[in-house]
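Since the structure comes first, as structure tokens, the remarks are kept for the end.
Protein chains: 2
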Amino acid sequence: MTASTGGRLLTPGEVAALFRVDPKTVTRWATAGRIGSIRTPGGHRRFRESEVNQLLAELTTDASERPRN
Amino acid sequence: MTASTGGRLLTPGEVAALFRVDPKTVTRWATAGRIGSIRTPGGHRRFRESEVNQLLAELTTDASERPRN
DNA sequence: TTCCATTCGGGTAATTGGGGGA
DNA sequence: GATGTCCCAATTACCCGAATGG
Numbered sequence: 001m002t003a004s005t006g007g008r009l010l011t012p013g014e015v016a017a018l019f020r021v022d023p024k025t026v027t028r029w030a031t032a033g034r035i036g037s038i039r040t041p042g043g044h045r046r047f048r049e050s051e052v053n054q055l056l057a058e059l060t061t062d063a064s065e066r067p068r069n
Numbered sequence: 001m002t003a004s005t006g007g008r009l010l011t012p013g014e015v016a017a018l019f020r021v022d023p024k025t026v027t028r029w030a031t032a033g034r035i036g037s038i039r040t041p042g043g044h045r046r047f048r049e050s051e052v053n054q055l056l057a058e059l060t061t062d063a064s065e066r067p068r069n
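Going down the list, the sequences are from chains A and B. Under the UniProt record's numbering, read the first sequence as residues 1 to 69, first letter to last. Under the UniProt record's numbering, read the second sequence as residues 1 to 69, first letter to last.
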């Protein structure tokens with residue numbers, strides 16, 4: 001289970017649109033290891049939709065109302 | 001592993017779907033020598049599944065195992 | 001044989017990456 | 001500490017008509 005964990009891949013622009021941030025910011029998240037990414041042989045990044053959705057759900061949830069985690 | 005080492009052959013479209021890129025991009029990878037390719041008598045390209053999966057694994061950064069927060 | 005999706009080619013826009021700095 | 005923006009070079013995406021594959 002390393003490479004293709006079945007799941008669609010999203011481009012930096014698509015992920016940026018979901019989070020309403022600049023694509024560069026998504027790039028920094030990947031660089032910081034906060035989100036997994038795969039690179040095309042040309043160096044462009046692709047993100048797993050499942051992982052993006054999970055991360056998106058965490059941010060959508062109001063953290064101030066979450067005692068733990 | 002008979003005469004040709006490897007298993008199934010994938011079409012440009014299938015490889016493109018795995019990387020979430022345009023089939024033309026896969027063609028450029030083959031032209032640039034970044035990925036091995038077989039040509040049909042008619043000139044269409046075919047790619048080895050094993051090589052594609054290996055390449056996919058190498059370029060994958062797995063953050064799923066990253067600690068939370 | 002015909003039918004139709006895919007993949008040739010090339011050419012031209014749009015995205016992306018990386019560094020630097022507001 | 002985290003984002004957004006500007007620069008430029010590289011990579012990728014969409015356009016066409018014609019050919020191949022099954």
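Ideal Cβ placement from N, Cα and C applies to all residues, glycine included. All figures in this text were calculated on a predicted structure; none of them were measured in a lab.
Exercise. Looking only at DSSP bridge pairs, what is A/I38 linked to?
Worked result: A/R46 and B/T60
For this session: Give a yes or no on whether 8 Å exceeds the smallest Cβ distance from B/R48 to chain A.
Result: no
Exercise. Bridge partners of A/L18, per DSSP?
Worked result: In the DSSP output, where bridge partners are listed per residue, A/L18 has none listed.
Problem set entry | Cβ distance (whole Å) where B/R8 is taken to contact B/E49 below 8 Å | About 5 Å separates the beta carbon of B/R8 from that of B/E49, a gap short enough to meet the 8 Å contact definition.
Exercise. Residues in its own chain within less than 6 Å of A/S37 by CB, not counting five upstream and five downstream?
Worked result: A30, R45 and F47
Exercise. Based on the DSSP secondary-structure assignment, which residues constitute the bridge partners of A/L55?
Worked result: Paired residue(s): none; A/L55 is not in a bridge.
For this session: Quick one: list the residues of chain B neighbouring A/T40, beta-carbon separation under 9 Å, in chain order.
Result: F19, R20, V21, T25, W29 and L59
Problem set entry | First and last residue of the uninterrupted alpha helix (DSSP H) at B/A30 | P23 to T31
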